[in-house]
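Trainee:
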Amino acid sequence: DYESLRTAGSALGTGAVVVMDETTCMVRMLERISRFYFAESCGQCTPCREGTGWLNRVINRIIDGRGRSEDLDMLVEVANKIEGHTICALGDAAAWPVQSFMKHFRHEFAYMIEHDGRSIVDAGSQVAA
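Going left to right, the sequence shown walks through residues 787 to 915 as the working numbering numbers them.
1. Using a Cβ distance threshold of 8 Å, determine whether the segment 866-877 contacts the segment 898-912, with at least three qualifying pairs required.
2. Is the separation between the beta-carbon of residue 813 and that of residue 894 shorter than 9 Å?
3. Whose C-alpha, out of 847, 829 and 831, is nearest the C-alpha of residue 816?
4. Where residue 886 and residue 833 are concerned, what is the direct C-alpha to C-alpha distance, given to the nearest angstrom?
5. With DSSP collapsed to three states, give me the class of residue 873.
6. So residue 880 packs on residue 838, CB below 8 Å; how close in whole Å?
7. Taking 6 Å as the limit between beta carbons, can you name the residues of its chain near residue 831, skipping five residues before and five after?
8. Per DSSP, what kind of secondary structure is residue 851 in: helix, strand or coil?
9. Ordered along the chain, which non-local residues of its own chain (more than five positions away) have a Cβ less than 7 Å from that of residue 892?
10. Checking 9 Å against the spacing of the C-beta atoms, do residue 827 and residue 883 come in under that value?
11. Can you tell me which of the three DSSP states residue 836 falls into?
12. Give the secondary structure of residue 901 by DSSP, where H, G and I count as helix, E and B as strand, and everything else as coil.
Laid out in structure tokens, this is it:
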């Protein structure tokens, strides 16, 4: 039911359902999602072509242990500049996961930055969110 998802602040998008549990590293999951949108961008409009590349590179920098605390705000800023500024809906679809992950899982990204690329999931159950 699309309307229920919209009311909850979500969307079905392409119709794919991805099941994740507490052992899923949300930073790595967002990297996979951002890589998909970067690869799928046709390159016609600048916000999508450049923005999806920036998103993916910044997320990879975090995973590689080179992330900076300001990267978290940068991800949101880039996503906001993509959303609503592209020819087709792909740009919006690329921005929404970033906005959502930063809203709900920002602490996982911050942890990875503070621990040089180590995931909060890899750290084990001794780390509380």
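Positions of the beta carbon are idealized from the N, C-alpha and C atoms, including for glycine.
Mentor: Once the coordinates are examined:
1. no
2. yes
3. 847
4. 19 Å
5. coil
6. 5 Å
7. 872 and 873
8. coil
9. 858
10. no
11. helix
12. coil
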